[in-house]
Amino acid sequence: MCTALSHKTKITELIDYFPFLQVDLLQEFDEERASYRLAFEHSEQPVIISGDSGYEVRLFEWGVISNYMNTPESIKKNRAWMCNARAEKLADSKSYWHKIKTQRCLVPATGIYEHRRVKGFKNKIPYYVSLKNREMFCLPGLYNYSSIPDKDTGELTGTFSIITRAANPLMQLIHNDGENKFRMPLFLPKEMEMEWIDPNTPWERILEILSFEIADEELQAWPVYTLNTPKPRPDGLLKNKPFQWPGLPQLGEEGRGGLQQSLFLT
């Protein structure tokens, strides 16, 4: 699963990335918080959708609230499983994701986090993964509005899920454990991101986009300090900065020893 990402992007950078984007958000984002966003917190994040007046930025919550979640209890019980949408499921007419396949969105990001199981280490080692030649990118997703109005505002909550696919060789080495191992977000070239968000893109082309696999050489990855702790890093750096774990073997070289600082890092 992809359940943690970094979004250290300013509104002005979003506008530079999408010159035709309509932005009503005036807020900027806290740097420490933006360096690590966790899906299960269901916090609001900037999401790009195709609206009535063009491409718009909205603040949506991570974790789709589907139409069948019509009580607070059902939302609490089922929402954690709706943070990711498997690319394969969009073509399955029996899947919920197929039903909302036209509700496509883009999630701005500067990187994602995934954990690696390493023999000899008690806990999994977190890694930060980003695109080598693009400081900012967008992950394809699907969105839906909750059918239950917000108790304070009376508005329907916008929610989203990030598309995942089978991992490429590099991500297989990192995301190598757990119920959803060997998965990764659907990283896309910018031109495919634009096709994904375009409501006029034919379904046959969407299926081709869903099968795209990014090359290892397009990614860069390095280990970071423990993420799920309230304690600050001992070096005082942000969560997405490299951290040297003593004795951590290189990716793909378990048992040989050596320090893994970065891979494909330039």
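Count along the sequence shown starting at 1, add 1, and that's the number in the working numbering.
Even for Gly, the Cβ is constructed at its ideal location relative to N, Cα and C.
Residues near residue i in its chain [Cβ-Cβ closer than 6 Å; skip 5 each side]
i	result
F188	I215
K102	L91
G55	Q23
R234	Y226
Environment of residue i [buried if 16+ CB atoms lie within 10 Å]
i	result
K240	buried
G248	exposed
E209	exposed
S1	Given that the chain is displayed from residue 2 to residue 267, the structure contains no residue 1 and the question cannot be resolved.
E62	buried
S7	buried
S147	buried
H116	buried
First through last residue of the beta strand (DSSP E) which encompasses residue i
i	result
I149	138-150
E268	No answer is possible for residue 268: it lies beyond the span of the chain, which begins at 2 and ends at 267.
Y18	Here Y18 belongs to no beta strand (DSSP E); instead the alpha helix (DSSP H) covers 12-18.
L269	The first residue shown for the chain is 2 and the last is 267, placing residue 269 beyond what the model contains.
I113	112-117
M185	184-186
Spatial neighbours of residue i in its chain, beta-carbon cut-off 8 Å, leaving aside the 5 residues before and after
i	result
F41	T4, G64, A81, C84
W204	K102
S44	R38, E62, W63
D217	N169, P170, L171, F265
E74	none
7 Å Cβ shell around residue i - same chain, five flanking residues per side excluded
i	result
V24	I12, L15, I16, V58
Y18	M137
S67	M83, Y97, N145
W246	I126, P224
R206	E196
G112	L6, S7, Y129, V130, S131, N241
Where the alpha helix (DSSP H) containing residue i begins and where it ends
i	result
Y97	97-100
L211	204-211
S94	Taken as a continuous stretch (DSSP letters only), S94 belongs to no alpha helix (DSSP H), as it is neither H nor E.
N79	73-79
Could you say if the stretch 118-132 and the stretch 211-230 meet the contact criterion of at least three C-beta pairs nearer than 8 Å? yes
Given 8 Å as the limit, is there contact between the stretch 136-145 and the stretch 187-206, that is, 3 or more CB pairs closer than that? yes
On the three-pair Cβ rule with 8 Å, is the stretch 144-162 touching the stretch 179-188? no
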